[in-house]
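*Asks:* Below you will find the structure I want to go over with you.
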Amino acid sequence: MNWTILPVAVPLLTALITIFWGRPGGARRAFVALSAGAQLVLALVMTVWSYQGETFLLVAGNWSAPFGIALVLDLLGTIMVSLSSLVAFVAILYGFNETSPRIAHPLRLPLMQFLVAGINLCFCTGDLFNLFVGFEVMLISSYSLLTLEADDWDIKHAFPYVAINLVGSTFFICAAGLAYSLFGTLNFADIAMRAGELSGDPRMTALALLMLLVFGIKAGLFPLYYWLPNSYPTLPTPLAALYSGMLTKVGVYVLVRMFGTVLPHDLHGIHTLMAWMAGATMIFGVLGAISRNFIRGILSYHILSQIGFMVLAIGFFTPFSFAACIFYVMHHIVVKSSLFLIGGVAGFLNRTDDLDRAGHLWKHAPWLGVMFLFQALSLAGLPPLSGFWGKYAIVMVGLEKGEFALVGVSIVASILTLFSMLKIWNGAFWGGNEKTQVHLQDQRWVRMSWCVAILTGISLVIGLGAELFMQVAIEAAERALDREGYARIVFSYLGKGSEL
Amino acid sequence: MQIETALLIGVMFACATYLILQTSFVKILYGFVILSNAANLLVLTASGNPNGKQAPIVLGEGALMADPLPQALILTAIVIGFGMIAYLVLLLYRMFLDQRTTNAAELYAETEEKTG
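Line order of the protein sequences matches chains A and B.
For the first sequence, this note's numbering gives the first residue as 1, with consecutive numbering after it.
For the second sequence, this note's numbering gives the first residue as 1001, with consecutive numbering after it.
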């Protein structure tokens, strides 16, 4: 029994069974919830094992690497799989409490599972072309989910998302083709071994730039982000939480994997470029957030500004900054998804998420307000919440490297983040006028809030137990940056073709 | 052979970019079709110059073979690209049904904010 394939195979099978289940109803929902819970437990067990030193490896068809397609799950991969399973599990539970089985779209659950399978394939794969396939599985599911329950307005905003990602996919194929002609292989470990010979070659720089473009589009880096803030707010709340948590972070993960594990470490110019793009992303993202006046719009722009922090950490390119990036990803996925869910509950209670018409939530739903405060302050980076530790680590690395301008930009972005979070607080929780109504009679919001409470609790645990999570992140970063170690593990499997 | 292919890929990318930047839905659609084919052709050139090489079927020893892997990659990419194009056709058709126009400039002219 090889465990490596399970994070992909289980959601895929769940999706297929759910499609052919027949009538949507309670039994189907219980099955999907059970499967999502099992995926989460599986991912956590695999994370613990890989923290203890195990690396999961599956080489297709008993052909040893680089001939067979390799699936590799190291500590970084298992952490990401755990996060995606967690967010998917909570989003599915939230969706169950929000809509009754009678009116829920029957295809939403299977497509969500296909999406999770695609995301997990991106985290598992040890092969550039397989990564492309994982991206496409993820993207086509995300296109379908984006337009599944859309009205004419939503469809209009889905088109830029589809168009920019189609262009991104095309560039991805081009990058794969160039990588193959340059290295003669697409296996990550094999590329890592052969890339040393091409050190300083301009074609190497061109390939790295192309990859930065492709995964920068997916992550939402400046100036490639404009598709994101208008398309995410059109999604239903649980899907928005899943998208905002995971999809851009797949881009960040691949940037870590590519620049840390696969490509050589001496591409200093591109690392600097990445850091400055990240700085611009932070500022423009947070300014966009301030300009918006509805909850989901503000939160969507914040995804960008936070992506800036993560990519800035990659751009600094030290082992500790990679650890900071991984820690930030862990913190951000949990916090961002829960903020979208809180925004969903707030919109559900006020029947609007326009900040001019919402209000009075603090009076009627104080616990929701407390959860929002925790998560919003964590996003802004106030101690001792989880966001503070991530930002603290990134700023420390920046000061050590003497990048004062970028550190200044990140601190300004944090303060503006706090400002825009206060805007939501004042609009939806504290303020409100006499015309604002809070619809408490519909009891669904209580159960929806409990789903948010799961994520809020985990985010508090990350903040208060930051040392443990930071240790895991440091370990994951060290292994991700150890290119020889990665290659040794992948080539350790001796199957057919190993004598060549 | 490689030079001609490179030129062809360049022309195809230029045409695709031009078409995608047009306002008519049909032109945008054809732009994406050409774009995905241009990328596939680029991957094909990764197998190197095919002149003087045999088809990748192992018959005897010592024969120089064309690299079959890029062709396998393109096969996957074509299938995926086909699915994407099919989806795009439906999306554009739905936009036409909703808005009763096939002009993207008209569709995105007003920039109001979605609220609630």
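All C-beta atoms, glycine included, are put in the ideal place defined by N, C-alpha and C.
Remember, predicted model here, so these are calculated numbers, not experimental data.
So, with DSSP's three-state summary, where would you put Ser1024 (chain B)?
*Replies:* In this structure, Ser1024 (chain B) counts as strand in the three-state DSSP scheme.
*Asks:* Please compile the residues from chain A whose C-beta is within a distance smaller than 7 Å of the C-beta of Tyr1087 (chain B).
*Replies:* Those are Ile140, Tyr143, listed as they occur along chain A.
*Asks:* Is the shortest distance between the beta-carbon of Ala1046 (chain B) and the beta-carbons of chain A less than 8 Å?
*Replies:* Yes - at least one Cβ of chain A is within 8 Å of the one on Ala1046 (chain B).
*Asks:* How about Ser378 (chain A) and Gly387 (chain A): are their beta carbons less than 8 Å apart?
*Replies:* In contact: Ser378 (chain A) and Gly387 (chain A) (Cβ atoms closer than 8 Å).
*Asks:* Counting only beta-carbon separations shorter than 8 Å, does Lys1114 (chain B) have a partner in chain A?
*Replies:* In this prediction, Lys1114 (chain B) scores a pLDDT of 46, lower than 50, which makes its location untrustworthy; the coordinate-derived value is nonetheless stated afterwards. It does; some Cβ of chain A falls within 8 Å.
*Asks:* At a CB-CB cut-off below 7 Å, which residues of chain A make contact with Gly1083 (chain B)?
*Replies:* Per Cβ cutoff of 7 Å: Ile140.
*Asks:* Answer yes or no: does any C-beta atom of chain A fall closer than 8 Å to that of Thr1102 (chain B)?
*Replies:* It does not; no Cβ of chain A falls within 8 Å.
*Asks:* Take the Cβ of Leu145 (chain A) as the centre, count every other Cβ of all protein chains shown within 10 Å, and call the residue buried at 16 or more, exposed below.
*Replies:* Label assigned to Leu145 (chain A): buried.
*Asks:* Hey, does Tyr180 (chain A) have any beta-carbon neighbour from chain B nearer than 8 Å?
*Replies:* So, interface residue.
*Asks:* Which residues in chain B have a C-beta closer than 9 Å to the C-beta of Ile298 (chain A)? List them in chain order.
*Replies:* Near Ile298 (chain A) there are no residues of chain B at all, since even the closest Cβ is about 12 Å away, more than 9 Å.
*Asks:* Can you give the beta carbon distance from Ile295 (chain A) to Leu355 (chain A), rounded, assuming they're within the 8 Å contact cut?
*Replies:* Contact flag correct, Cβ pair sits at about 7 Å.
*Asks:* Can you tell me whether DSSP reads Phe294 (chain A) as helix, strand or coil?
*Replies:* Residue state, collapsed to three classes: strand.
*Asks:* Which residues in the same chain have their Cβ closer than 6 Å to the Cβ of Ala376 (chain A), if we skip the five residues on either side of it in sequence?
*Replies:* Here the set comprises Met421.
*Asks:* Can you name the residues that DSSP bridges to Asp354 (chain A)?
*Replies:* Bridge partners of Asp354 (chain A): A:Phe294.
*Asks:* Shortest alpha-carbon distance to Gln1002 (chain B) belongs to which of B:Ile1020, B:Leu1097, B:Pro1050?
*Replies:* The option with the nearest alpha carbon to Gln1002 (chain B) is B:Pro1050.
*Asks:* Report the residue ranges of all alpha helix (DSSP H) runs contained in full by the region 194–228 of chain A; include only those spanning at least 4 residues, in chain order.
*Replies:* Correct list: 202–219.
*Asks:* Any C-beta of chain B within less than 7 Å: which residues of the region 109–123 of chain A qualify?
*Replies:* Residues: none.
*Asks:* Can the beta-carbon of Thr18 (chain A) be found closer than 8 Å to that of Val32 (chain A)?
*Replies:* Yes; because the gap between Cβ atoms is below 8 Å, this pair is in contact.
*Asks:* Exposed or buried, which one is Asn62 (chain A) when buried takes at least 16 other CB atoms within 10 Å?
*Replies:* Exposed is the call here.
*Asks:* Sorted by chain position, which residues of the same chain lie with C-beta nearer than 6 Å to Gly431 (chain A)'s C-beta, five sequence neighbours on each side aside?
*Replies:* These residues qualify, in order along the chain: Gly359.
*Asks:* In terms of alpha-carbon separation, which member of A:Gly347, A:Leu235, A:Gly457 lies closest to Thr147 (chain A)?
*Replies:* Out of A:Gly347, A:Leu235, A:Gly457, A:Leu235 has the C-alpha closest to the C-alpha of Thr147 (chain A).
*Asks:* With 8 Å set as the bound, which would you pick, yes or no: does the beta-carbon of Phe1032 (chain B) sit closer than that to a beta-carbon of chain A?
*Replies:* It does: the Cβ of Phe1032 (chain B) has a partner Cβ on chain A nearer than 8 Å.
*Asks:* How many angstroms separate the CA atom of Ile454 (chain A) from the CA atom of Gly308 (chain A)?
*Replies:* Taking the straight line joining both Cα atoms gives about 27 Å.
*Asks:* Answer yes or no: does any C-beta atom of chain B fall closer than 8 Å to that of Thr170 (chain A)?
*Replies:* Closer than 8 Å: yes.
*Asks:* With DSSP as the reference, identify every bridge partner of Val137 (chain A), one or two as the case may be.
*Replies:* Val137 (chain A) pairs with nothing; no bridge assigned.
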